[in-house]
Amino acid sequence: MHGSIWCNTSFTVRLGATFQSGNVTSAANQSDMDAVPVCFIEAVLRRARRYNNHVHLLTKFSGLWGKLGMNYAKNSCYLQISICAIGERPMESRELSPEVLREKSKNIRSITFNISGISNSHWDDWKKVSPEKEKYITKLLQRLDAPDKELGMGYNSGLDESSLREIFSKYSKLFESFSSLTLWEFDAPAFVNLAQSMVSTGRLQSICIWDPVPPVLPSSFWVDYFFSESCRELDAHFEDPSVVPELINRWKQLDPRTLTPLKVCDGIRTSPDTLVDVGMKPIPLETADPEVLGKIQRRFINTIASLHCIDHPTHPHVKIYVIVFIGLSRKPMDEFALLFD
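Quick note on numbering: the sequence shown equals residues 0 to 340 in numbering that gives the first Met the number 0.
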């Protein structure tokens, strides 16, 4: 590994920041904001936590949004871990001890482990783990549990294949304890091996891949994972056009009563017209079941453009809901999701 890589000796941890409240909304639009269902606000809070833990931004709103955001923030502790692969070493004097980590673990709501080529030494709230305590803390982190335990790979990390393999090998046991995997891309063999390793543990609840996923794994891998007991969500656009139809066809062959409820396949960036041959039927939004719309609102924050369903052949009361979303232009996006009810 080249000289600027020092992840073999240390990583850094960021503990949850203190949140401040304030009023950043006007009276003119506050009533409109508070008129949305509470389940929608809760969905936004969950999504904000997932994307860089920006829950604190919502605490600055007045009304119901600020109240729920502040309550969520006050009862949360977020643990962020990062391998600083490139750049300056963090300050040796700002050290995270096992005692501090054990104390913080009492209220941890989420654990996020990021692998990035950007140094964190300029962030005041990052604490260094000394080399002599790293092994002990790594094992402690491996045992820590939280509602969300996410492993993420930073965008354009600058790490080559051998560096990635070395990192994944060294922290393999720690990474296998995580329940969620988020990657920007899936074109490096090291990422493929990581996904296969984490799926094999049987505890991985979600996979999110931002860039289109090339067909480097057979479609059966994704279908098998999606219908595994642990999987809750698969968020990716597959360049292999057979993945989504195979998901639906596998579902039709299974007894849906044996499946984990409310599985989601999200991030599908193609026209839903490709599903016409699998029996998709339109559902007018104005006549849609409020209970169904509530389930969708609790899982997605995007505005619905259209709604469709696919009936199970032997259990017609069990359905897949196909949700097409509205983009920023207020026009339907070429992106949709599947909710397996």
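Note that the Cβ used here is the ideal one computed from N, Cα and C, for glycine as well.
Predicted model only: the values in this text are computed from it and were never measured.
CA-to-CA distance, residue j to residue i, given in whole angstroms
i, j, result
"residue 280", "residue 309", "6 Å"
"residue 27", "residue 33", "Here the model assigns residue 27 a pLDDT of 43, short of 50, so the residue's position is not dependable, and the following value carries that caveat. Residue 27 and residue 33: Cα-Cα distance of roughly 11 Å."
"residue 101", "residue 304", "46 Å"
"residue 221", "residue 61", "43 Å"
"residue 268", "residue 292", "22 Å"
"residue 219", "residue 239", "11 Å"
"residue 272", "residue 189", "35 Å"
"residue 169", "residue 163", "10 Å"
"residue 114", "residue 152", "5 Å"
"residue 229", "residue 133", "30 Å"
"residue 98", "residue 231", "34 Å"
"residue 248", "residue 257", "16 Å"
"residue 245", "residue 35", "36 Å"
"residue 172", "residue 288", "45 Å"
"residue 302", "residue 112", "30 Å"
"residue 135", "residue 129", "10 Å"
"residue 137", "residue 131", "11 Å"
"residue 206", "residue 107", "21 Å"
"residue 139", "residue 243", "39 Å"
Spatial neighbours of residue i in its chain, beta-carbon cut-off 7 Å, leaving aside the 5 residues before and after
i, result
"residue 216", "191"
"residue 255", "311, 314, 317"
"residue 336", "263, 264, 265, 267, 299, 322"
"residue 141", "172, 173, 176"
"residue 200", "175"
"residue 214", "238, 239"
Anticipated Cβ contact below 8 Å, residue i with residue j, distance rounded
i, j, result
"residue 146", "residue 109", "7 Å"
"residue 241", "residue 333", "Not confirmed; about 18 Å, so no contact."
"residue 160", "residue 187", "6 Å"
"residue 180", "residue 203", "6 Å"
"residue 338", "residue 263", "6 Å"
"residue 307", "residue 282", "6 Å"
Beta-carbon proximity check, residue i vs residue j, cutoff 8 Å
i, j, result
"residue 237", "residue 275", "no"
"residue 174", "residue 143", "no"
"residue 253", "residue 225", "no"
"residue 178", "residue 148", "yes"
Same chain, Cβ closer than 6 Å to residue i, five either side skipped, listed in chain order
i, result
"residue 235", "208, 212, 266"
"residue 184", "210"
"residue 285", "none"
"residue 198", "224"
"residue 250", "none"
Beta-bridge pairing of residue i - partner residues as DSSP gives them
i, result
"residue 337", "264, 321"
"residue 208", "182"
"residue 148", "110"
"residue 159", "DSSP output for residue 159 lists no bridge partner at all."
"residue 303", "324"
8 Å CB neighbourhood of residue i in its chain, flanking five on each side removed
i, result
"residue 63", "32, 33, 37, 40"
"residue 340", "260, 261, 291, 294, 317, 318, 319, 320"
"residue 278", "309, 310"
CB contact check: residue i to chain D, cutoff 8 Å
i, result
"residue 107", "Protein chains in the displayed structure number just one, and chain D is not present."
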